[in-house]
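Let me begin by presenting the structure, written as structure tokens, before commenting on it.
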Amino acid sequence: MDVELLLLDVEEPEEVQIRKTLPAIAERLSILHQGLAQEVNDWGTETREQLNGIALRLGDLLEGHISLTLHPMRYATTAVSSSATPASAATVARSFHSALASLSPSSLSPSPSPLLLPQQQQQQQPPPPLYILSRAVSTVPQLWREWTVGLAGGPSVQGLEDMYGHRWRQKHSEQVLYGRRKIIIQEIWRRQARGINTSTAVEEVELVRQRGQLSLYQLYQVLNRQKKCTL
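For the sequence shown, the tail end lands on 231 under full-length UniProt numbering, and the numbers increase by one without skipping.
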């Protein structure tokens, strides 16, 4: 009887080990499940970001914001039949995907213009318009208006100078008149640099002309002498 009781109380070693390891296995499976779920979630996020980046780059490429240059291979080409194999189609797709992926964010910004020699820059610029300084200008406000805004819908002298340099005034007479009038403009600039607003500076220089009963040419002579004395 005692032997039978002892036999009933004895458990198989495998069953004992399984019962002991079940909680550890369950905990390990739970950790693996959480890790796998996190990896899947991270992979999905990364994939979405890559797809969004490719879509943005493709949109910029189609809209002309960036350029894609294809360089031909140097080996001899052979005729390709119209029935392309699935493998070749997949290769082309991978190549196009690689080209899109290679577009770094820095390449999305406009490419800097190539360095051009001054002669090349002049060749690319449009020819300057034909413009002659107005001989009807007789006061400082009129001179300032022609210089900064333009007269009767014409271009401003400053705009011509900024865009074309001296090319718009190739005639000797225009160069001489431009130099004289610039002396008067520089006097206005000098007063502006002292903190005087533009309209007041123009009025002050015009007052100097009126008090001396000077023409613009005579005003230029006076200002030019003063400039030489201060040098």
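Backbone N, C-alpha and C define an ideal beta-carbon position, used for all residues, glycine too.
For G154, the closest alpha carbon among the candidates R169, V40 and L130 is that of L130. Taking all protein chains in view, the Cβ of A201 is crowded by 16 or more other Cβ atoms within 10 Å, so the residue is classified as buried. Taking a contact as a CB-CB distance under 8 Å, the pair K227 and I183 counts as one, their CB atoms being some 7 Å apart.
Within the same chain, Cβ atoms closer than 8 Å to the Cβ of Y220 are found at R180, R181, I183 and I184, the five residues on either side in sequence being excluded. Short of 7 Å from the beta carbon of Q192, and not among the five residues preceding or following it, lie these beta carbons of its own chain, in chain order: T198 and A201. Rounded to the nearest angstrom, the gap between the Cα atoms of W189 and T148 is 12 Å. Taken through DSSP and simplified to helix, strand or coil, S173 comes out as helix. By the beta-carbon neighbour count (other beta carbons within 10 angstroms, threshold 16), R209 is buried. By alpha-carbon distance to M163, the top candidate from P128, E206, E204 and V40 is P128.
Closest by C-alpha distance to G150, out of L133, G165 and T139, is L133.
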